[in-house]
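Okay, structure first, notes after.
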Amino acid sequence: MKRLELIILSSVCLILLAASSAMAFGEIRYPDRPLNLRAGRTASDAWVGSLYPGQKVRVGFLQDGWYAIFEPGETKNTEAAAVGYSNAKFLKKQRERHEPKKWGELVQATQNLNIRSKPSRGGAKIGMLSAGEKLVMDFVSDEWAMIFSTDATIRSKLNRRGYANVQFLVPTGSVPVQAAAPKAKVAPAPASTTQPKLGTTAWGKVITVPGKINLRQKRTSGSKLVRTLQPGETVRVDFLENGWYAVFQENEPLRREKRAMGYALKTLLDKKSAQNVNSIREVATSGTGDVAVKEGPRTIVIPKKHAKPASRPDPRADKIAHGYQYKLLETAETKKFGESWISLKVFLSTSKLPSREALEDFATTLWEEHRRANRNLAVLIYLPGMNTEDLAYGVVQFSDEGLLETWVRRVTLFGTPFQH
């Protein structure tokens, strides 16, 4: 009997030991500096994400001096579960510094929503989000974003669940979630007789600027001037704090403070003359009223139309890089969230809408020319017909080691030769 008990006890111990080994494959390591994640085991492989100093990660499959990187709680002992690769010499057994860096945005789905394999409706359906389900959104490009589980700790494109349309993702708790009935078909929106505003979303409020107002880089009057709003210009405002609004393009689709053009005092934005008493309107109630016609002998009051921005000539390209003629409009250095950034504002002279890959190749050429140690660099790309004082069409960001991320804003093409 005792021998049988001993055999059973030994079997249980072996099972527990095997389970423990499966749970604890590889090692726990900590980066000693900001560290890029690559798609392969060389510095020339594509950038897929980053680690902050002291971030806890699981490593394994050491080869050619590079580790495969995993979520610290990963239990699948297979390289297919890796979220990227990093140089082993920068991954230490003991944490030497700890500088956590937030990433992504916690959002929820407003309705049952497909998860796609690619950032388009043509991408294969690989999953489904339930109405109200919470997730992390990052790497936003146009109408699509990569989505991640809420327990994801590593910012990597290889860590994503898939792609989802940002029109149906909102910050958690911002608006009521509509629970979709099973198998219910969504009725198409009624046709409108007026042209819809591109990217209009129900957050913040839209304001018609009553006079010239300076936008600042921070919520202080002494911070750097980033641009001046003109009378009659329409903008979206939100994130009121210490008497300052974050100011966005009217058609900005995402409620993310880092996408703001700058900051302005609430008292200046709310200041209204008698003629502008109705200039501030909530987004959800932006109706139009009839214009009264004054009675009298041959006296007609002509309805006012929104002032059309005066057309201005495109900048004249005076340089060539990667097959494109361009003009460097502005170079600036700023600090964002404690990091140093160099911004290159560029006009690209082209008659054909460049692909994302072409933008990255062009921007990489400029980065190689302007890169500096311990500086991030952003290339802001404007196309013919665009207002170079507004948001750029393409934004390509680099660290001092290589490409970070790229996004384009198709809404900025409205009114240009590329709008279709």
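Numbered by mature numbering (1 follows the signal peptide of the UniProt record, and there is no 0), the letters in the sequence shown go through residues -24 to -1, 1 to 396 in order. No residue lacks a Cβ here, since even glycine has one placed at the ideal position from N, Cα and C.
- Any 3 or more C-beta pairs closer than 8 Å across the stretch 386 to 394 and the stretch 336 to 350: Output reads no: the stretch 336 to 350 does not touch the stretch 386 to 394.
- Let me know the secondary structure DSSP gives Thr243 once reduced to three states. Looking at Thr243 - three-state DSSP - the assignment turns out to be helix.
- Task: Evaluate Met122 with the Cβ neighbour count: other Cβ atoms within 10 Å of its Cβ, from every protein chain shown; 16 or more gives buried, anything less gives exposed.
- Result: buried
- Query: Going by the CB atoms, is the gap between Asn88 and Glu119 shorter than 7 Å?
  - Reply: no
- Just how far apart, CA to CA, sit Ala56 and Val33? 16 Å
- Task: Taking Phe66 as the reference, give the member of Val371, Ala58, Ile45 and Lys77 with the closest Cα.
- Result: Among Val371, Ala58, Ile45 and Lys77, the Cα nearest to that of Phe66 belongs to Ile45.
- Item | Buried or exposed (CB count within 10 angstroms, at least 16 for buried), Glu217 | exposed
- Could you spell out the range, first to last residue, of the beta strand (DSSP E) harbouring Ile204? The question names Ile, yet the displayed sequence has Thr at residue 204. It spans Leu201 to Leu205 - the beta strand (DSSP E) in which Thr204 sits, taken as one unbroken run.
- Where His14 sits in the DSSP three-state scheme: Here residue 14 turns out to be Arg, not His, going by the sequence shown. Taken through DSSP and simplified to helix, strand or coil, Arg14 comes out as strand.
- Query: For Arg17, which residues from the same chain have a beta carbon less than 7 Å from its beta carbon, with the 5 sequence-adjacent residues on both sides left out?
  - Reply: Gln39, Asp40, Trp42 and Tyr61
- Query: For Val35 versus Gly2, is the C-beta distance shorter than 7 Å?
  - Reply: yes
- Item | Close Cβ partners of Glu306 (< 6 Å) along its chain, the five nearest in sequence each way excluded | Lys321
- Message: If I measure Cβ to Cβ from Gly378 and keep anything under 7 Å in the same chain, skipping five residues before and after, which residues do I get?
- Response: Taken in chain order, the residues that qualify are Asn12 and Trp23.
- Own chain partners of Asp294 with C-beta closer than 7 Å, once the 5 adjacent residues on each side are dropped: Lys303
- Task: Name the two residues that bound the continuous alpha helix (DSSP H) containing Glu344.
- Result: Run containing Glu344: Arg332 to His346, per the alpha helix (DSSP H) assignment.
- Item | Candidates Ser132, Tyr28, Arg92 and Asp8, of which the one nearest Glu72 by Cα | Of Ser132, Tyr28, Arg92 and Asp8, the residue nearest in Cα terms is Asp8.
- Task: Report the rounded CA-to-CA distance for Gly198 versus Gly103, giving the unit in angstroms.
- Result: 49 Å
- Coil, strand or helix - Lys101 by DSSP: strand
- What's the gap between the Cα of Ser96 and the Cα of Gln143? 13 Å
- Per DSSP, Pro229 forms a beta bridge with which residues? None; Pro229 has no bridge partner.
- Item | Residue burial classification, residue 443 (beta-carbon count within 10 angstroms, cutoff 16) | Missing from the structure shown is residue 443; the chain here goes from -24 to 396 and no further.
- Item | Coil, strand or helix - Arg386 by DSSP | Three-state result, Arg386: helix.
- Task: Report, in whole angstroms, the separation of the C-beta atoms of Phe338 and His298, which I expect to be a contact under 8 Å.
- Result: 5 Å
- Query: Does DSSP put Ala167 in a helix, a strand or coil?
  - Reply: Low local confidence applies: a pLDDT of 44 at Ala167 is under 50, so the model's placement there is unreliable, and no value is given.
- Taking Ala85 as part of the beta strand (DSSP E), name the residues at either end of that continuous run. Start and end: Glu81 to Ala85.
- Spatial neighbours of Ser316 within its chain, please: CB distance less than 6 Å, with the 5 preceding and 5 following residues excluded, ordered by chain position. Cβ neighbours of Ser316 beyond the five flanking positions: Arg351.
- Query: Nearest-angstrom Cα distance between Val223 and Ile189?
  - Reply: 11 Å
- Going by DSSP, name the residue or residues bridged to Asn190. Thr204
- Roughly how many angstroms lie between the CA atoms of Arg332 and Ala368, to the nearest whole one? Distance between the alpha carbons of Arg332 and Ala368: 14 Å.
- Message: Helix, strand or coil for Ser93? Go by DSSP, reduced to three states.
- Response: coil
- Return the chain-ordered list of same chain residues with a C-beta closer than 6 Å to the C-beta of Lys68, the five sequence neighbours on each side being excluded. Tyr6 and Asp8
- Which stretch, first to last residue, makes up the beta strand (DSSP E) that contains Ile24? Residue identity check: residue 24 is Val in the sequence provided, not Ile. DSSP places Val24 in the uninterrupted beta strand (DSSP E) bounded by Trp23 to Leu27.
- Query: At what residues does the beta strand (DSSP E) containing Tyr302 begin and finish?
  - Reply: Tyr300 to Lys312
- Express the C-alpha separation of Ser125 and Ser117 in angstroms, rounding to a whole number. 19 Å
- Task: Output the distance between the C-alpha atoms of Glu50 and Ala100, rounded to the nearest integer angstrom.
- Result: In a straight line, the C-alpha of Glu50 is about 26 Å away from that of Ala100.
- Query: Looking only at C-alpha atoms, which of Arg231, Gly370 and Pro147 sits nearest to Val112?
  - Reply: Pro147
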